[in-house]
Amino acid sequence: MLEEKWVLITGASRGIGRSTAHEFSRNGAKLLLVARDRDELEKVQKEIQTLSYIFVCDLANEEAIKKLFLEIRKITKNLDVVVNNAGILYSAPLLMSRREEMEKLFATNLYAVVHISQYASRMMLAQKKGSIINISSLMGISGAKSHALYSASKASLLGLTKSLSLELAPYIRVNAIAPGIVETSLIETMTPQKQEALKESTPLKRFAKDSEIAQTILFFASDMSSFVTGEVLRVDGGLCSIEI
Amino acid sequence: MEEKLKEAFAEALMIDKEVVTDTLQYNEIEEWDSVAHMSLIAEIEDKFEIMLDTDDIIDMSSYAKAKEIISKYLEK
């Protein structure tokens, strides 16, 4: 489905990003994999079959993003798909939320996505096509106790997605995915009892697998969604309102 | 440099090279709107192998200004 397409995936060293790299490679994409952890990125690179390049980059740093794109443009003039997956989780009650942490959170979860979209959209507009997929969160839609700032950062991606879908049309499609609870990330911090309670309140009675999120990303990346832009797709097993 | 820049303008905005003069201004011809501006930036970055700062993209409001900005990058 993605033969000969150049795809940039951030946060590619683990979780949804890593699964997406696998799924896209199986579908023939050439990959530009970005993360902070070189060792893990190298492991992903060894695991996949198609052409790939790895980039160690702290996306909270605007200058680092600029350098990343200078490197990418030495490799390819084309960029077909961007998956803005990198993000950091921040959990703190409102009264214990520190400004320094807020700035770190928004630098990665929002500003990095803005800067990547700025650089990527230029390449995509030059070829008059492209697809940008922003990974938000169910918390960005429904909110969650002790996750006000994280939820706000993920909600901001929804506004960004919808606005950019208008601004970058008709050439670039921009969509977002709002995963619910995924097996490998947030649940590690929960007690077994909490996990069971959440599964019980999820209509599909389980958590998502990374691969299920990756398949949804593939839908937005491919021509299967060629008439879809500005959309936010919940991938949450029916769990649209949660308490964590 | 000027010839290359004119080519970038002509190709990105899909206009004749003769139209690209110092008086050419952003949003003053229908071919140079906000979407075309991004294509223009991509074309300039490709041709000169540079990456423009956001402030310079905002400032690039005419062909004359573009010449001034690109010269600054080529001096670096």
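Listed in order, the protein sequences are those of chains A and B. Per the working numbering, the very first residue in the first sequence carries number 1; after that it's consecutive. Per the working numbering, the very first residue in the second sequence carries number 1001; after that it's consecutive. Ideal Cβ placement from N, Cα and C applies to all residues, glycine included.
First through last residue of the beta strand (DSSP E) which encompasses residue i
i      : result
A:T10  : 6 to 10
A:L31  : 30 to 35
A:R26  : Segment 15 to 26 is the alpha helix (DSSP H) holding A:R26; no beta strand (DSSP E) there.
A:S52  : 52 to 56
A:R38  : Careful: A:R38 lies outside any beta strand (DSSP E), inside the alpha helix (DSSP H) at 38 to 47.
A:V228 : Looking at the DSSP string, A:V228 is not in any beta strand (DSSP E), and its letter there is neither H nor E.
A:R173 : 172 to 179
A:G237 : Note, A:G237: premise wrong, no beta strand (DSSP E); not H, not E.
A:G130 : 130 to 135
A:V83  : 81 to 84
Contact set for residue i: own chain, Cβ-Cβ below 6 Å, skip 5 residues either direction
i       : result
B:A1036 : L1013
A:S165  : V174, T229, G230
A:Q195  : I187
A:I135  : N85, I177
B:K1017 : K1006, A1010
B:A1066 : M1060
A:A214  : S19, T20, E23
Member of the options whose CA lies at the smallest distance from the CA of residue i
i       : options                       : result
A:F220  : A:Q193, A:T161, A:Y111, A:K77 : A:T161
A:Y53   : A:A60, A:L168, A:L41          : A:L41
A:S146  : A:Y171, A:K128, A:M96, A:R73  : A:M96
A:T20   : A:T216, A:S225, A:L239        : A:T216
B:T1054 : A:A148, A:I172, A:R122        : A:R122
For residue j and residue i, believed in contact at Cβ under 8 Å, the rounded distance
i       : j       : result
B:A1042 : A:L125  : 6 Å
B:K1004 : B:K1072 : With 8 Å as the limit, B:K1004 and B:K1072 do not qualify as a contact, their Cβ atoms being about 15 Å apart.
A:G11   : A:G87   : 7 Å
A:G180  : A:L157  : That belief does not hold up - the Cβ atoms of A:G180 and A:L157 are roughly 16 Å apart, past 8 Å.
A:G159  : A:T202  : That pair is no contact at about 27 Å.
A:L218  : A:F55   : So it is not a contact: roughly 22 Å between Cβ atoms.
A:L105  : A:Y119  : Actually they do not touch by this definition, with Cβ atoms about 22 Å apart.
A:T184  : A:G15   : 5 Å
A:F227  : B:M1051 : No, A:F227 and B:M1051 are not in contact; Cβ-Cβ is about 33 Å, not under 8 Å.
A:Q45   : A:N78   : Not confirmed; about 20 Å, so no contact.
Residue range of the unbroken alpha helix (DSSP H) whose run includes residue i
i       : result
A:G140  : 139 to 142
B:I1044 : 1034 to 1048
A:G159  : 148 to 167
Contacts around residue i, its chain only, beta-carbon distance under 8 Å, and the 5 residues preceding and following it disregarded
i      : result
A:E212 : V235
A:K248 : The structure shown has nothing for residue 248 of chain A, since chain A only spans 1 to 244.
A:G28  : M1, L2, E3, E4, K5, T50
Close-in-space but distant-in-sequence residues of the same chain around residue i (CB under 7 Å, 5 per side omitted)
i       : result
B:Q1025 : S1061, S1062
A:K154  : N109, S136, S137, M139, G140
A:D58   : R36, A64
A:H115  : E62, I65
A:V113  : N84, N134, L157, L160
Check: residue i C-beta below 6 Å from any heavy atom of the ligand COA
i       : result
B:E1007 : In terms of ligand content, the structure shown is empty, and the ligand COA therefore cannot be addressed.
Are the segment 2 to 19 of chain A and the segment 29 to 38 of chain A touching, with three or more C-beta to C-beta distances below 8 Å?
Touching, yes.
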